[in-house]
Amino acid sequence: MAIARGILGQAHAVFAALVLTFSGAAYAQCADPMRLSAEYGVFSFVQTRHLSGVRAPLVSRGQAVVAQNRIDWRVTQPLDILTVITPGGITQSVEGGPPQRMGGQGDAFLSSAGLLNLLAGDLSAMTNYYDIARVPGGAAGAWRVRLTPKSASMARFVSSIEAGGCERVSNVEVRQANGDRMEIALSPAGN
Amino acid sequence: MRHWGGIFCAIWIALACAIIGVRSQGGRAFDADIQNMLPRTALEPVVRAAIADASQASGARVAVLISGEDYARVSEARTDLQAALAATGLYAPDAATGEEAARWIYANRNQLMCEADPARFSADAVIARADALLYSPLAPVSGEMLARDPFLLTLQLAQCLSPQAGAPAGDAALVSGVLSASAFRIDVQDAITAAYDDWRARWSDVSAARAGAVFFAEQGARRARQEIALIGGISSIVIIALMLACFRRPNAIIGTVAATTASLAGSLAAALVVFESVHVLVFVFGSALIGITSDYSLHYLATGPQTNWAPARERIQRVARPLAVCALATALGFAGLGLFGVAIFQQVAVFSVAGVLTAWWFTLTILPLMDQRARDPEKHAAWWVKLERPFLAFRWTKAHAIGAAALGALIILCGVLRFAVLDDVRQFQPRSEELAAEESALREALGFSASPVFLLSYGASADEARAREEGVLATWPQAAVRDAFAVSRFDPSAARRAENEAILQRELYAPHLRARLEALGVTPAGGEAPPPALPSMLTPLEGEASGRRFLVAPLGPQAAAQRVDGPGAVLVDPAARYSQAFASFRAQAGWAVAAAFGACALLVLALYRRWRALTVLAAPAAGVLIGLALPSALGMPVSFFSIAALFVVIGAGVDHSVFLFEAAETDGQPKELIVFLAALTTILSMGLLGLSGAYPVASFGVVVAAGVTAAYVASFMPARVRRRSVRADNQD
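The listed protein sequences correspond, in order, to chains H and V.
Residue numbers for the first sequence follow numbering that gives the first Met the number 0, beginning at 0 and rising by one.
Residue numbers for the second sequence follow numbering that gives the first Met the number 0, beginning at 0 and rising by one.
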């Protein structure tokens, strides 16, 4: 359904952001972002959604557990929402409820995101789906990249994704086609 | 006089061809709907129509899951397949129907409810779900959406109204949609599978898993065509070779083919005149008729070498009476089928009686004109005598009789011990393991399962049907409700719409809307779009039959396990209904076999006026017994199709017996060779069907092969009785 496609279109952007977020540098100091590799572990995140026409941003916090072929994205504030992403599919449970499969029958947006590649943190594989370009970064060698969807169907939902960091991706901004934005700030758990 | 008979017969055949030609133009002459095979009383009209709708709705779906190591290739392959299927003009992708549904839900969101029972509505739960959507990383929430739908009812309803299913994960892509025409139409099957096969050839480096009735139906039809071509080809070649070996002239083949063709033309024309459309299954009996009617021409053709091509009048006299007895007995047997009030049996009765009588007429009037005296008749006669010699040399002794009886008893005993019936249509046609595995892989990837069962709700009006469907769903657990794809969930009855709207206003909007808007900082947006039409995915699930409106709700396994209480609603398992109907057919066909025997007995008693004439029924009786027992002994259960084959056995058995019985009385000419030839051609033409992979065809063929063989062997018994009685009469 169109609604489901919307869900998955946005999911694509989120996954791309997650991969960027969980990619760590193989080198000391600010590394080449295209040589980042997947980094497994537990991370804290703050997600801020800016919706056009909505006065206050929607802020959620939580933890993400990243393992090979699996990401547990748990929002703990203001609600408890656990989203589990595996090669077999995506499930979501709210406030401890039973997990439910996400996505609609007949929709291919999720797969078009190249989910397995994204989960593996294979940024070079993401060039299949995005044009990736360096944009001016921050201070002290921090870098910033912009991902622009290649497919028109994806571009209906996502304008671009920008990620920045040094040793690893520390912030991601997803710009949606309808003008909404989502920012994710990430740090290792406990910080 | 005979010439006039030939002229009238030719006129009838020409007329029959004209009738077939004219009726075939309309496109409604032939009917392939399995439901029309069923007796009118087997299913209520509403159930019958609902099964048709459900079959159309489920059969129309097509899905292909594409996967591969290189996602770029997968994505390109998906686009190419979508284009290829769309180019057939028979396929519409799900994307279009999905957007329709989303617009419908949005427009009706204030009159719909996730809860099937309005009493279970909880405003707090709605708000909690809306908040979850706001903070979920996957929800497609936008500012504009919140301004129009602050509780995100549209998103909630989109998730809860349809059965749960996932999207393909990993480097996989799904192509799915619906067919605009029946998946059981041969042209549709050919177009879709050709598009798929061509695509597959272009994209051999990706994997694909298919699901859809069209693929199974095409595979079954293709297998049937291959089998018919193979079996029909082999049997035709062997029969032609056999006839050439026996008659040594192509005239015999031409005459036999002409007689059977004339018979089929007459039978089909008669059926088309009497019935609005003829079911394709009737042609199964049509193939049976070939085995019987070709015998008539063989009997006449054999009189050529037997009499050294005596004048046609004399040759006709030799076969006229036994042919008349055979034709009448067989026609009476088939006519008995018409007494059972089953539409397809009535069609078979008209079809067969007309075919048998046309073949008889043709054999006695036109065939003699075609079968002219051979150039070297003595040579042919000598060859015939040579062929007959081993048959005449054989003496049927007591030892043979005891051996045959013992073997027959053993077969019957084994058959009784291993007797079983099969009416389950699901076991009639073997499913392709390859397609089944692909379908299973696709279902697993999508987390989707389905059952063949559906909920049928009906009433005097569409609104009443909706109310009854709602009544049933309200009694089910919510998880089971989500496992059903029900029209009333998207388009409730007027009463339920009003009730839902009142509850939403009273419990959600009135107490919570202002606070919600303030918390979000949203200004409500106005200007609703005009309501859209009911989504096309729902329209096939609604229908009308016998003045009653009905709804069909496809169910998943969890919903199919629920109970349905109350009037106007019932769970329907089409396969079970068909199986019950086939069981009923089988029982009725069994009585028809008994009726056929009764008719034949009356006929031979009327003609021969002697009790011992009843011995001509011994061969068909033995054929029927062995025809049922031998397949059972070999582990093949008895079905409706087995019983249908018994009519061939009776017809062939009566033919053989009557000719051998008559031989002594008419001219003393031996009939052993021609009876053997007739039996062999019947066994070859239909017995080879036993090699088919489709159970109905195989069971038909095996019963014919076993039954005709037994009838052939047993047909010598009445001849011996006749000879013995003739000798006794002479001594007296």
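Backbone N, C-alpha and C define an ideal beta-carbon position, used for all residues, glycine too.
Here the structure is a predicted model, which means the values were calculated and not measured.
Excluding its 5 nearest sequence neighbours in each direction, residue 245 (chain V) has C-beta neighbours in its own chain below 7 Å: 386 and 676, listed in chain order.
A direct Cα-Cα distance of roughly 23 Å separates residue 397 (chain V) from residue 610 (chain V).
Exposed is the label assigned to residue 3 (chain V), since fewer than 16 other Cβ atoms lie within 10 Å of its Cβ.
Contact note: residue 131 (chain H) does not reach chain V at a C-beta cutoff of 7 Å; the least C-beta distance is about 15 Å. Of all residues in the segment 73-95 of chain H, the ones placed with a Cβ closer than 8 Å to any Cβ belonging to chain V are 74, 77, 78, 80, 82, 85, 86, 87, 88, 89, 91, 93 and 94, in chain order. Annotated three-state conformation of residue 450 (chain V) is coil, per DSSP. Below 8 Å, enough C-beta pairs join the segment 546-559 of chain V and the segment 471-484 of chain V to call them touching: three or more. If you check the CB distance, residue 173 (chain H) and residue 181 (chain H) come in under 9 Å. Rounded to the nearest angstrom, the gap between the Cα atoms of residue 571 (chain V) and residue 602 (chain V) is 46 Å. Spanning the alpha carbons of residue 678 (chain V) and residue 655 (chain V) requires a straight line of approximately 8 Å. Relative to the Cα of residue 614 (chain V), the nearest Cα in the group V:599, V:488, V:347 and V:643 belongs to V:599. The straight-line gap separating the alpha-carbon atoms of residue 406 (chain V) and residue 714 (chain V) is approximately 16 Å. The beta-carbon of residue 527 (chain V) is placed no less than 9 Å from the nearest beta-carbon of chain H.
Secondary structure of residue 99 (chain H) (DSSP, three-state): strand.
For residue 143 (chain V), the residues of chain H that pass the 8 Å Cβ criterion are 51, 52 and 177, in the order they occur in the chain. A Cβ-Cβ separation of about 13 Å leaves residue 148 (chain V) out of contact with residue 102 (chain V) under the 8 Å criterion.
Membership of residue 181 (chain H) in any alpha helix (DSSP H) is not indicated; the residue belongs instead to the beta strand (DSSP E) covering 180-187. The criterion of a C-beta distance shorter than 9 Å is satisfied by residue 44 (chain H) and residue 60 (chain H). Looking at the DSSP output, residue 553 (chain V) bridges to V:453. Secondary structure of residue 75 (chain V) (DSSP, three-state): helix. Look at residue 145 (chain V) here: in three-state DSSP terms it is helix. Within 8 Å of the CB of residue 519 (chain V), the CB atoms of chain H belong to 53, 54 and 55, in sequence order along the chain. Judged by DSSP secondary structure, residue 508 (chain V) falls outside any alpha helix (DSSP H); it is assigned neither H nor E. Under the 8 Å Cβ criterion, the segment 291-309 of chain V does not count as touching the segment 691-711 of chain V, having fewer than three qualifying pairs.
Around the beta-carbon of residue 58 (chain H), fewer than 16 other beta-carbon atoms lie within 10 Å, marking it exposed. Counting C-beta atoms within 10 angstroms of its own C-beta, residue 707 (chain V) has 16 or more neighbours from the protein chains shown and is therefore classed as buried. Counting only unbroken stretches of 3 or more residues, the beta strand (DSSP E) elements lying wholly within the segment 164-247 of chain V are 171-178 and 206-210, in sequence order.
In the displayed model, residue 350 (chain V) falls within a helix according to three-state DSSP. From the listed residues V:525, V:616, V:574 and V:612, the smallest Cα separation to residue 593 (chain V) is found for V:616. A direct Cα-to-Cα measurement between residue 650 (chain V) and residue 259 (chain V) gives close to 15 Å.
A Cβ of chain H is located within less than 9 Å of the beta carbon of residue 128 (chain V). As a beta-bridge residue in DSSP terms, residue 44 (chain H) pairs with H:61 and H:185. Within 9 Å of the CB of residue 146 (chain V), the CB atoms of chain H belong to 52 and 53, in sequence order along the chain. Residue-level contact by beta carbon holds for residue 48 (chain H) and chain V, with a gap shorter than 9 Å. At least one CB of chain V lies nearer than 9 Å to the CB of residue 99 (chain H). In this structure, residue 72 (chain H) lies away from residue 539 (chain V), with their beta-carbon atoms at least 9 Å apart.
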